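Quick notes on the structure that follows.
There are 2 protein chains.
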Amino acid sequence: MNKNIDLIIDDENEKCPVETALEVMDGKWKVLILWYLRRDKKRFNEFQKLMPKITQKMLSLKLKELESDGLIIRKVYPVIPPKVEYSMSEYGESLKPILKQLYLWGEEHKKLRSKEL
Amino acid sequence: MNKNIDLIIDDENEKCPVETALEVMDGKWKVLILWYLRRDKKRFNEFQKLMPKITQKMLSLKLKELESDGLIIRKVYPVIPPKVEYSMSEYGESLKPILKQLYLWGEEHKKLRSKEL
DNA sequence: CGGCATCCATAAAGATACTG
DNA sequence: CAGTATCTTTATGGATGCCG
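Chains P and S, in that order, give the protein sequences.
Numbering-wise (this note's numbering), the first sequence opens with residue 445 and increments by one.
Numbering-wise (this note's numbering), the second sequence opens with residue 445 and increments by one.
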């Protein structure tokens with residue numbers, strides 16, 4: 445598929461940049477949140493609809509972590525009832541190539557895997 | 445960077461293929477293991493040197509999970525002392541584009557992030 | 001060498017209830 | 001609506017000992 449991957453690093457003992465990437469995408473929820481934010485802003489309850497299995501606690505926690513990592517932006521409207529919108533930051537946008545590859549892989553392999561599960 | 449990502453899916457309510465990908469890469473250790481296997485086979489103690497912080501228990505567990513997911517191959521040589529080699533399967537190789545993007549992102553952002561951490 | 005078994009400690013995640 | 005608080009469960013970490 446892509447043989448260039450073999451050329452981009454030679455010293456395997458240096459601290460691996462893959463770890464750096466994994467630090468910000470830690471766990472599956474963050475990646476999924478970023479995925480759903482890739483185009484439009486979203487509100488808290490929209491995430492809950494998109495990810496029915498995430499708990500409020502996890503959603504709240506992961507949104508905070510993503511925000512403090514600078515990957516997403518939290519905008520609060522001082523209205524009643526409360527309104528909060530989450531959107532991707534420019535920094536978060538830089539993750540899009542990763543999101544895209546994850547999507548492409550999943551799309552290609554989900555049928556195969558659905559047989560196993 | 446890549447605007448095509450916006451075009452590849454329209455129905456956000458369908459079960460997201462990103463989740464499928466995340467299922468096999470669950471947790472940080474698996475991705476790292478796959479990364480270190482991207483070119484050459486590796487032995488158990490080589491992984492331990494490459495990932496000093498992983499426990500034997502986790503390494504053993506994650507190798508098993510990756511094997512049972514068909515992403516890596518475990519080859520046992522009937523010699524004394526025992527010799528076991530792990531390598532990527534063809535299926536595992538299909539993850540290389542993801543690994544590459546993770547690497548590229550990490551490489552580009554680790555300096556930025558090292559200020560934060 | 002390449003593990004597994006056990007026991008214990010901590011951390012991450014899930015379930016449920018409640019609030020400004 | 002957008003969370004927080006609390007409690008329980010699961011996952012992971014750490015140490016030690018053993019074995020083919």
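Glycine included, C-beta positions come from ideal geometry on N, C-alpha and C.
These figures come from a predicted structure and were not determined experimentally.
Positions along the stretch 541-558 of chain P whose CB lies within less than 7 Å of some CB in chain S:
For the stretch 541-558 of chain P, the set of positions with a beta-carbon nearer than 7 Å to some beta-carbon of chain S reads P541, I542, L543, K544, Q545, L546, Y547, W549, G550, E551, H553, K554, R557 in chain order.
Contact set for Y535/S: own chain, Cβ-Cβ below 7 Å, skip 5 residues either direction:
Cβ neighbours of Y535/S beyond the five flanking positions: G514, L515.
For S531/P, the three-state DSSP class (helix, strand or coil)
In this structure, S531/P counts as strand in the three-state DSSP scheme.
Beta-carbon within less than 6 Å of K527/S's beta-carbon, same chain only, minus the 5 sequence neighbours each way: which residues are those?
Y521.
Can W479/S and V475/P be called in contact, C-beta distance under 7 Å?
For W479/S and V475/P, no; Cβs fall outside 7 Å.
Specify, as a first and last residue, the run of the alpha helix (DSSP H) that K508/P falls within.
Going by DSSP, K508/P is part of the alpha helix (DSSP H) stretching over 500-512.
Close Cβ partners of Q500/P (< 8 Å) along its chain, the five nearest in sequence each way excluded:
Same-chain partners within the cutoff: Q492.
Measure the CB-CB distance between W473/S and K506/S and report whether it falls below 7 Å.
Going by C-beta atoms, W473/S is nearer than 7 Å to K506/S.
Helix or strand or just coil, what does DSSP make of V520/P?
Shown here, V520/P sits in a strand according to DSSP, grouped into three states.
Contact list for T464/P against chain S, beta-carbon separation under 7 Å:
Chain S residues near T464/P: G550, H553, K554, R557.
So with CB distances below 7 Å, who are the chain S contacts of V563/P?
The question about residue 563/P has no answer here: the residues shown for chain P are numbered 445 through 561.
What number of angstroms, rounded off, separates the C-alpha of R487/S from the C-alpha of S512/S?
The straight-line gap separating the alpha-carbon atoms of R487/S and S512/S is approximately 18 Å.
Keeping to the same chain, check which residues put their C-beta closer than 8 Å to that of K497/S; ignore five residues upstream and five downstream.
Hits under 8 Å: none found.
Counting contacts by CB-CB distance shorter than 7 Å, is K472/S in contact with chain P?
Output row for K472/S: interface = yes.
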